[in-house]
Each structure stands twice: as structure tokens, then as C-alpha cells.
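2 protein chains.
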Amino acid sequence: MAQGIGICGQTIRCFTGNALSELIGQSNLRKSTPADYRKLREIVCTLERFGTLGNDIQLTSNEIEANHVIMCLKTKEYNKGIQDPSQFVPGHQIMRRLKKMKESPLFLLLSKMPKGGVLKAHAHSMCSTDFLIKLTYAKNLWVCTTDNGCKFRQFRFSKVKPTRIQYEEGEWQLMEQLRDYHGEANLRKYLKNALNMYPSIRTTSSIAAWNQLERIFDLLDGLLRYPPVWAEYFYNALKEFHADGVQYVEVRSKLQRFYCLDGSKLPVQETVKIYQEQIGRFQTDNPDFIDAKIIYSPLRHATIDQMAKYVKMCTILNKEFPDLVIGFDLVGQEDRGDPLSQFASELHKLPDNINLYLHAGQTNWYGTRIDENLIDAVLLGAKRIGHGYAITKHPLVMELVKQLNIAIEVCPICNQMLQLSADYRNHPAATLIANNIPFVISSGNPSFWRTSPLSHDFYVVFLGIAPMNADLKFLKRISKNSLKYSGLPDEQKSMAMSKWKIKWEKWVDYVIKNKDKIMAQNAEK
Amino acid sequence: MAQGIGICGQTIRCFTGNALSELIGQSNLRKSTPADYRKLREIVCTLERFGTLGNDIQLTSNEIEANHVIMCLKTKEYNKGIQDPSQFVPGHQIMRRLKKMKESPLFLLLSKMPKGGVLKAHAHSMCSTDFLIKLTYAKNLWVCTTDNGCKFRQFRFSKVKPTRIQYEEGEWQLMEQLRDYHGEANLRKYLKNALNMYPSIRTTSSIAAWNQLERIFDLLDGLLRYPPVWAEYFYNALKEFHADGVQYVEVRSKLQRFYCLDGSKLPVQETVKIYQEQIGRFQTDNPDFIDAKIIYSPLRHATIDQMAKYVKMCTILNKEFPDLVIGFDLVGQEDRGDPLSQFASELHKLPDNINLYLHAGQTNWYGTRIDENLIDAVLLGAKRIGHGYAITKHPLVMELVKQLNIAIEVCPICNQMLQLSADYRNHPAATLIANNIPFVISSGNPSFWRTSPLSHDFYVVFLGIAPMNADLKFLKRISKNSLKYSGLPDEQKSMAMSKWKIKWEKWVDYVIKNKDKIMAQNAEK
Chain A
1 MAQGIGICGQ TIRCFTGNAL SELIGQSNLR KSTPADYRKL REIVCTLERF GTLGNDIQLT
61 SNEIEANHVI MCLKTKEYNK GIQDPSQFVP GHQIMRRLKK MKESPLFLLL SKMPKGGVLK
121 AHAHSMCSTD FLIKLTYAKN LWVCTTDNGC KFRQFRFSKV KPTRIQYEEG EWQLMEQLRD
181 YHGEANLRKY LKNALNMYPS IRTTSSIAAW NQLERIFDLL DGLLRYPPVW AEYFYNALKE
241 FHADGVQYVE VRSKLQRFYC LDGSKLPVQE TVKIYQEQIG RFQTDNPDFI DAKIIYSPLR
301 HATIDQMAKY VKMCTILNKE FPDLVIGFDL VGQEDRGDPL SQFASELHKL PDNINLYLHA
361 GQTNWYGTRI DENLIDAVLL GAKRIGHGYA ITKHPLVMEL VKQLNIAIEV CPICNQMLQL
421 SADYRNHPAA TLIANNIPFV ISSGNPSFWR TSPLSHDFYV VFLGIAPMNA DLKFLKRISK
481 NSLKYSGLPD EQKSMAMSKW KIKWEKWVDY VIKNKDKIMA QNAEK
Chain B
1 MAQGIGICGQ TIRCFTGNAL SELIGQSNLR KSTPADYRKL REIVCTLERF GTLGNDIQLT
61 SNEIEANHVI MCLKTKEYNK GIQDPSQFVP GHQIMRRLKK MKESPLFLLL SKMPKGGVLK
121 AHAHSMCSTD FLIKLTYAKN LWVCTTDNGC KFRQFRFSKV KPTRIQYEEG EWQLMEQLRD
181 YHGEANLRKY LKNALNMYPS IRTTSSIAAW NQLERIFDLL DGLLRYPPVW AEYFYNALKE
241 FHADGVQYVE VRSKLQRFYC LDGSKLPVQE TVKIYQEQIG RFQTDNPDFI DAKIIYSPLR
301 HATIDQMAKY VKMCTILNKE FPDLVIGFDL VGQEDRGDPL SQFASELHKL PDNINLYLHA
361 GQTNWYGTRI DENLIDAVLL GAKRIGHGYA ITKHPLVMEL VKQLNIAIEV CPICNQMLQL
421 SADYRNHPAA TLIANNIPFV ISSGNPSFWR TSPLSHDFYV VFLGIAPMNA DLKFLKRISK
481 NSLKYSGLPD EQKSMAMSKW KIKWEKWVDY VIKNKDKIMA QNAEK
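One line per chain: the protein sequences are A and B, in this order.
Here the first sequence is numbered in UniProt numbering, starting from 1 and rising by one per residue.
Here the second sequence is numbered in UniProt numbering, starting from 1 and rising by one per residue.
Okay, here's the thing in C-alpha cells:
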């Protein structure tokens, strides 16, 4: 073995990456024998495998059987992709592949899978476009149009025609009259595009994408800030999420004041109460649903005085609704706002029991003040970080996040839609997986991407971002993470985990029982 | 300070990332005071800065002055990009931005900068398209066309019409007759596209891009494997590289046998001799040019027997030309070939003095056998790794690469052209910079991307991949790396460094002397 390396096969499991690196650093690998090379290779591959997210999970014998089915579907789709990358869904703009995805046996299986919770969902972008269109049939709904009635800008419920016009050449019209005028089919078609990002499918600039996103939020504002509609919307959101295998939701909400038909405004507490009522109602109707919480999330584009008011408001609401308003965050395009450090002194005033779940690192402008938000999110004591897209450019932050057990909320489709990333195979979450950094998968604004509440994001992560051999262990770890890193009080987490486990085991049984059918469908593809 | 963290300002420099991470891990950051937060922030930012590639460099007072100019240009272009990402060149497909880049004062300055060496250049894709077109005027040149003379497939020098036809409906015609027939302008226009990747500017599949790349190599083969033309081509390649601020080149070459006008083949030694003669000639003509070396690089799509022959051939050539044929590599699309591990036993037979400079990790198929090539490249003892694009998915490999001082040959434009990456701001080299992993910038096949030998790659790395504040220290480190990690014998490295330093200092002086002019041009942009 001369100047090679002496390693006995059984010692593999005792190695850590550091020890190995030091050992190898001393040696001249060009002088090692083929046998040394093979042993070292085995060690490195083993260390890699055990260091990857999900490998702490032990599968039951049932899960092993189900895993075999899942991996058959995954491997087939993966290998087809290697043969012809143009056919690999996670290599492309997802809105162009929605139809193809619906035909994927793997996607169908993941859709049925109990995925735990969604920890990052923005209040006004949770429901499907179809449901939003239904809401526009409500009575007393006016719409402000521009471009001779061709562009919808704002909705508003009112007994009489609203007078305030925010858009040049804007004109208020009753929705039902407009429907008669344009024809129902045409109007539905128009809304089908206007209420999501589909029109900006070709956009290549993050600013253009954000502008489109904000136009949709503006349009929806008057529709959703009307109490009876919001109650219906939020209940339906929980229904859609639940149907997609989600049992727990944390909603980022600006908690704005709602308005009445006469134009008067309600106190913000009334807003929170509607959430509370609908969550209660949904839990009664669906005993397997765990819970929903609110993370108070005003816009980051604020002055320090405004921030002080937000912090105060959050403190008040948390006192009044301690089990519901549990956290604080700032939303809106990070690149356009002030850095978190600007607001540090205000954020320090937030009581300890209100968790910080801060958006940070949703940028690819490396080394800017905004990029540094990742450092601030950690040092301000965030429990989770929203997106954290830039984290691989900050090794020290990665180390801290791991040590402090801060979970990253990975929202891959959102990143693509807002022009941070293109091909999912290059998404930085792969590096999180490789480094075993805790993370959860979320969807952010699924309503705007025409995707399901969570399944599409799970699919692109599992097939496109995770390693080829990531299997049911990975899916189980990621699902469990969504409860582990949730804002549920510790004492409620075991209850939550039990509710998830019941559904999980049912799903595993379903996979086993339908094995032959699933495999036959897969063979046809 | 209660449960906060006690850190005295002066201790910042004593911290390592690990120590900090452990210290912070013990504390509750939500309980730290605003003063603690600010101190910690300073420490983390300082550690980040000092941990980033290039921060070991001390600038001279002249360099500090030049740096001010460079950073003015960079900051202006960067900030414009933040304002309007559609204007930010490194956010886009580079072939669509070549014109815009030519107008960038930063690009112009980098073009003039002495950049050291190019350590990864493929022999047949070094010269500009314009020069290639010139070569097609040589006497006795035949071209095999298909599609009724509309597609050029193969070139061949011959006294008489070649008889071997490899393409269906292929037809050999004399180039000069074809030129008369189509008209010179039309033919130039045709070749202007056929000899580079421009026609596949819209390609979105790696396989389609590689197919196009290989079609160009096939077309060029008969043109360049003819000794007098190759001599002219290679001399001109050195000239173009030298004019772009490159003083040293390592060429990946298959070292195929050349052919004569009568169709006979020369021994491979004759091929090497032409390199040797032209390098000598170029050094005589340009005393500031350091040297050029060959890395013998057959195709990776080979059987084990073929590989054994390649290893033998490399050993023979290295014995005959010890100062010229210094290394071994395998080329061709990694995703399509066998993994390196397949050839390990053959590669082990290569004498130690022949360095391994292995392509590895030029893939985004995470977790495949090909993706594992990164592990093999390290364990086989590679001195440098070509591309290493997938390395951020292999933290243990990153650690080993750093400890073993293996440099990654980053070829950003090549990665984009071959459909690995899109937006340069997401290129994994940013993570290499953040982790201070040694790397060099190379161009690979600049001829095929219509880019300069190295300046375009430097520009996208400096502006698009490196952090906003990366400055002349970074550029100097990267330039020096290209000699430090070269295959030059240690005793020649100081000579090489001196030759580079002379040009570097001249360039710094040039920047200072032309400061006002450069700044005025920048103000106009």
C-alpha cells in the first residue's frame, strides 16, 4: 500500500466527513492502489448518503413495499428525462407543463399523499382560479375597468356605484351588467387569465413578474376584504388544501381591516375573528384537520414608524388571539424593500412568544444589502426563513441555520414564477438536501400559478431537485418536517403527528393495495 | 445582557465560522439586545468577507486607485441591473447580448486585463469564426454537402475528389467551385452560422445543444487535421488568446493522426510536433508569452480496451514530449458516457508524473452515476476538475477539493450554451467563491459561442456570479490562480508569475492614466 491509505472496511461507519477529509488530505491519491480507491469510494459514497436529508428515517415493512412502487414511477420518469431532457417536466417552465404533469403517475400518487402542513401560504392566493370566478357572482359586486371596459383593475362590494376612482379613465360597473354585456363565457375566459400569472408565462424579468403578481393582489383586494366573501374564500382554501393532502396551514396575512356594504370599516379584530370562525367550522367538519394559524405579515416597504405600528399591532393581536396570531413576517418583493437590518430595533421590541418567520434571501443579487437579510433573519432569532434562496452563497449562515435548527421554507414553483430560477435541477434546495439542512416545502401563492395547494411543489422537489435515489424516506422526512417546524405549541405537536400518521398509513396501504393498477398505468406511459 | 451573548469588539478577528456557530448555538437570539445583535452582525459580515475568494490579496496603492475605477464601472452596471433586470447582461443568454457587452466599459477594461492562463481550451474550438472562414480559402479543399448542397457536413483536403461518403446523399464538391456557385457573400454568411452554436440559440435541451456542438466538431475535423492548416490554426489561436490578455494555455486535444493530401496518415507524434513548433514560433515572436501545454484528452465514450490504449498512448507521448504532453483527461458529453469509476483500473496505470485534469460533474442529474464522477475525480487524484458544475450538491467533495487544493475549472458560458445553466446569477461558482474553493475561469470552446478567448467569461463571472463587492482583489486572485494551478513545473511558475506581473502592472498603470477618459465614457452609458 506504500504511500496509500490503510482503511479497514468495517470502519466506514465511524468516519465523519471532517475526519475523512483530514485523512485524505495527508495522502497522495495518485499513489493509492485500486483497492484503496475502491474502499475510499465506498466510504465517501456512504458518508454522502447518510449525510443527505431523509436518511435518518427508518421505513416500516409496509413503507418499504410502497417505496418500491414509488421508486418505479420515479425512476421511469427520471430515466426518460435523461434520455430526452425536453420531456423532463422539472426542467421547464411549470405553467407550460401542467397538462403533462397531470398525466404523470408519480404526480397522481404524490397528490394523494398526506404531506403534513403548508407553512407558507399567502392569504389572498390560496384558492383556485375557478373558485375565485365563482365568487364574482356575489351580489352588489362592482368592478373598476380601464381600456374601455377591457381591463379589470379593482373589485368593490357596494349598494351604490363606488365613487373613488384610482385608475386613469377608470370606470365602475356592476359585475352582473358587465357579464351580460360581454357574455358569460367571455368574462370567465378573461378572468381565467387575469387572476393568475398565466399572461406573464414568457416574462424573463423578476420586476415584470412581481408587477403582474401585485396587479392580481390589487384586483383581488376589494373582492376578498368583504367579510362574507372572505369567510367563504378562507373556508374553501382550507378545503382545497385539505383535499390536496394538507392537514395544517400557516397563513401569512396582512390582516387588513374589512369593509361593509355601506363603505364603513371594521376593526382588524373582526378580520381575525373570521379566520377563527372558519378554522373552527372546518375543524368540526373535518376532524382529521389539525389546525391553522396566522403569521401577521405587513408589507416590508415601510418606514420605521410604520414598522413600529406593525409590531404594536401584532403584539395586541397576539394578546387577544394567542393561539391564532402566532408569528410575524414582512412580505413583498425583497429586492425593492429596505433590508431587515433597517428595522432591527423595531423587530427587537416584539415579545419573545411571537415567533419570527422571516422572508430572507429571495434574491439572486449576491452581496447586496438585501442578500444580507439572511444574516439578519438568523441573528434576529427567526424560527424559520421564507425562501432562503440565496443561502448557498452564505456558508456561515448555512452552518448557523443547521446548528440553530432553523427551517428553510422552500417554495420552488414560486421561485420559478418570480424569475429567480429556471430549471428545477439547479434549485439551491439540492444543496440543502446534500447538507441535511432542515427545510419544508411550501407553495406560497398556488392560486397564481394555477397549481394545486402543495402537490406540484412536492413533485418538482422530489423529481427535479432531490437526488435520483431520494425515496419515501425523503418524502416522509419532508412531510414530518412541516409539523416539526410548525408554530404549533410543543404539546400539540404529538397530536398533530398522530393525525398525520393515521392518514399516512392509510395512504401507504392504498399504494400497496393498488400496486398492480398503478404499475400497469405506469407501464402504459 | 441576561441570556444574550457577550462579545467584545476586538475579538472579531479571532473568530472562526465554527467557533461562532457553536457560540451562537448556545444562545437565545430573541433575548439578545440590539447591541448584541449589531456586534454579532459585524462578526458574521466580517467572517463572510474574509472567507470569500480573493480576500487574501493585498492591493498596492496603484491597484487601489485602479480598483476605484473598476468598481465605478461595475457598480453602475450592477445597479442598473437591479433597477431593470432585463438590462443586466449576465441575466440572459449570452449570444443574445454580445453586442450590448461590447459597449460595456467594464467589459472593455476586462478585455485589456492580463488574465494569466486559460487552463481549459479544446483544440478545435479556439479560433474565431472569421479566422475559420479564412482557412476555407486554402487550396485543394473539398466539402461534403447534403440537402442539395445546402448543408456542409465534412471538409477534406485532397488532390482528387474524395470517394468516401459518410452521409446519406452526401456529395463532395471543391470548395472554390461551391463558392463560385453560391456566391462568396452567401457562403460566408452560411459558414458564419454553421461554424458556431448561433443556430441553436433557442435550444433548451442539453442533448440538442451537444448534438449541435458535435456537428461543428465533425465539420471542422477534416479542415483542421491537415498539417499546414493546423499549424496556421494553432498559431492563430495563440495569437487570439494572447491578444485577449492570455499568456499561457493548456489545450485539451485528442491528438489524432493528421492526414496528407494523398490520403496517407502521419504518426501521432507528427501532430504533437506541430504543436511544439508553433508554440516555439509564437514564443519567439512574443517573448511575454509564457508557454502552452497539451492535455491528452480522448473521448470518454470508449470501451475499457480503448481506454487502456489511450493510457498507453499518453504514456508514450509524455515520454517523448515530457514538457508538452503533461496531462490526461476524457472529453465528450459526460451524461452520455460511462462513469469514471468504470475506467478507474486503467487510469490507475497512468504514470504519476502525468497529471489528471478530469472533467467531472458537468451534469445536473443529481445522484446519478455520472454525478458521482466528482467523487472519482478527487479519489483518482485529479489536480484540477473540469467544470465541477454539480459540486455544490456534494459537500464532502467540496471539503476534499479545498483540503487537497484541487482547482475547479469554471467555464460559465460553456455551461449556459450546453444548457446546464441559464441566469449567471445562479451559477454554482458563487458558492465556490463564498467557500473560498480554488478555481480558475476558462472558456472551453469560445470559437463556438462567438466569444473572445477569455474576456467574456471573466465578465460574466465578475459581474454576474461574484458578489457585488468583489473587486480587483478577486480579479487578481483569479488571474494568479490560473498560473498557480497550471501544469507548469513549480520551478517555472515564478518565471510565469513575473511575466504576468509585468503586464498586470502595465495594465494597472493604463487604468490610472486613462481614468478620466474611462470615467467619462462610463458616465455616457
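Beta carbons: idealized from backbone N, C-alpha and C, even for Gly.
Just so we're clear, the structure is a prediction, and the values are computed from it rather than from any experiment.
Taking 6 Å as the limit between beta carbons, can you name the residues of its chain near residue i, skipping five residues before and five after?
{"i": "A:G116", "result": "S479, S482, L483, W500"}
{"i": "A:P90", "result": "Y424, V460, L463, G464"}
{"i": "A:P199", "result": "N193"}
{"i": "B:L191", "result": "I133"}
{"i": "B:I290", "result": "Q247, Y248, A496, K499"}
{"i": "B:K515", "result": "V69"}
{"i": "B:L110", "result": "S455, F458, Y459"}
{"i": "A:Q278", "result": "A231, F234, Y235"}
{"i": "A:R179", "result": "L187"}
Once the 5 residues before and after residue i are set aside, which same chain residues still bring their CB inside 8 Å of it?
{"i": "B:D218", "result": "R153, Q154"}
{"i": "B:N236", "result": "C127, F131"}
{"i": "A:M342", "result": "Per the sequence presented here, residue 342 of chain A reads as Gln, with Met not at that position. So the list reads I304, once near-sequence residues are dropped."}
{"i": "B:Y389", "result": "G361, Q362, T363, N364, N415, L420, S421, P428"}
Below 8 Å on the Cβ atoms is my guess for residue i versus residue j; work out the distance and round it to an integer in Å.
{"i": "B:P119", "j": "B:S455", "result": "First, the residue type needs correcting, since residue 119 of chain B is Leu and not Pro in the sequence shown. At roughly 16 Å, the Cβ-Cβ gap does not stay under 8 Å, so B:L119 and B:S455 are not in contact."}
{"i": "B:I316", "j": "B:L358", "result": "Actually they do not touch by this definition, with Cβ atoms about 20 Å apart."}
{"i": "B:D329", "j": "B:I295", "result": "5 Å"}
{"i": "B:L73", "j": "B:L472", "result": "Actually they are not in contact, since the Cβ atoms of B:L73 and B:L472 sit about 12 Å apart, beyond 8 Å."}
{"i": "B:L255", "j": "B:V272", "result": "6 Å"}
{"i": "A:I408", "j": "A:F439", "result": "4 Å"}
{"i": "A:R30", "j": "B:G381", "result": "4 Å"}
{"i": "A:I518", "j": "A:P105", "result": "6 Å"}
{"i": "B:G222", "j": "B:I326", "result": "With 8 Å as the limit, B:G222 and B:I326 do not qualify as a contact, their Cβ atoms being about 28 Å apart."}
{"i": "B:P412", "j": "B:H427", "result": "6 Å"}
Counting only the same chain and skipping the five closest in sequence on each side, list residues whose C-beta sits under 7 Å from that of residue i.
{"i": "A:H124", "result": "F217, L220, L224"}
{"i": "A:N286", "result": "H242"}
{"i": "B:N436", "result": "G51, T52, L53"}
{"i": "A:Q269", "result": "E320"}
{"i": "B:R257", "result": "K265, L266, P267, V268, T271"}
{"i": "B:R188", "result": "I133"}
{"i": "B:R369", "result": "P339"}
{"i": "B:L261", "result": "N140, F157, S158, K159"}
Cβ of residue i less than 8 Å from any chain E Cβ?
{"i": "A:P85", "result": "In the displayed structure, chain E is absent; the protein chains listed are A and B."}
(Q) Counting only Cβ-Cβ distances shorter than 8 Å, please list the residues of the stretch 453-473 of chain A near chain B, keeping chain order. (A) I465, A466, P467, M468, N469, A470
(Q) Residues of the stretch 329-359 of chain B in Cβ contact with chain A at a cutoff of 8 Å, in chain order, please. (A) D335, S341, A344, S345, H348, D352, L356
(Q) Report the start-end ranges of each alpha helix (DSSP H) in the UniProt domain "Adenosine/AMP deaminase N-terminal" (25-109) of chain A that is 4 residues or longer and not cut off at the edges. (A) 34-51, 61-83, 98-102
Q: Output, in sequence order along the chain, the residues in the stretch 41-66 of chain A whose CB is closer than 8 Å to any CB in chain B.
A: R41, V44, C45, L47, E48, G51
Q) Does the stretch 16-26 of chain B come close enough to the stretch 84-104 of chain A to have 3 or more Cβ pairs within less than 8 Å? A) no
Q) Going along the chain, which unbroken runs of the beta strand (DSSP E) with 3 or more residues stay wholly within the stretch 337-369 of chain A? A) The beta strand (DSSP E) runs of length 3 or more contained entirely in the stretch 337-369 of chain A are, from start to end of the chain, 355-360.
Q. Which runs of the beta strand (DSSP E), 3 residues or longer, sit entirely within the stretch 134-177 of chain A?
A. 141-146, 151-157, 171-174
Q.
Under 8 Å, with one C-beta from each stretch per pair, do the stretch 197-213 of chain B and the stretch 417-432 of chain B reach the 3-pair mark?
A. yes
Q) Listed from N- to C-terminal order along the chain, which residues in the stretch 384-410 of chain A have their beta-carbon within a distance smaller than 7 Å of any beta-carbon of chain B? A) T392, K393, H394, P395, L396, E399, L400, Q403, L404
Q.
Please list, in chain order, the residues of the stretch 189-206 of chain A that have any C-beta partner in chain B closer than 9 Å.
A. T204, S205, S206
Q) Of the residues that make up the stretch 100-133 of chain A, which ones have a beta carbon closer than 8 Å to any beta carbon in chain B? A) none
**Q.** At least three beta-carbon pairs within less than 8 Å, the stretch 373-380 of chain A to the stretch 397-413 of chain A
**A.** yes
(Q) Under 7 Å, CB to CB, which of the residues in the stretch 473-507 of chain A have a partner in chain B? (A) none
Q. What residues from the stretch 415-427 of chain B come within 8 Å of chain A, judged by C-beta to C-beta, listed N to C?
A. Q419, L420, S421, A422, D423, R425, N426
**Q.** the stretch 341-355 of chain B touching the stretch 304-313 of chain B, judged by at least three CB pairs closer than 8 Å
**A.** yes
(Q) So within the stretch 437-512 of chain B, which uninterrupted alpha helix (DSSP H) runs reach at least 4 residues, ignoring any that extend past its ends? (A) 446-449, 455-459, 472-484
Q) Using Cβ-Cβ distances below 9 Å, what residues of the stretch 207-237 of chain B are close to chain A? A) So the list reads I207, A208, given in the order they occur along the chain.
Q.
By the 7 Å beta-carbon criterion, what residues does the stretch 427-453 of chain B contribute toward chain A?
A. A430, T431, A434, N435
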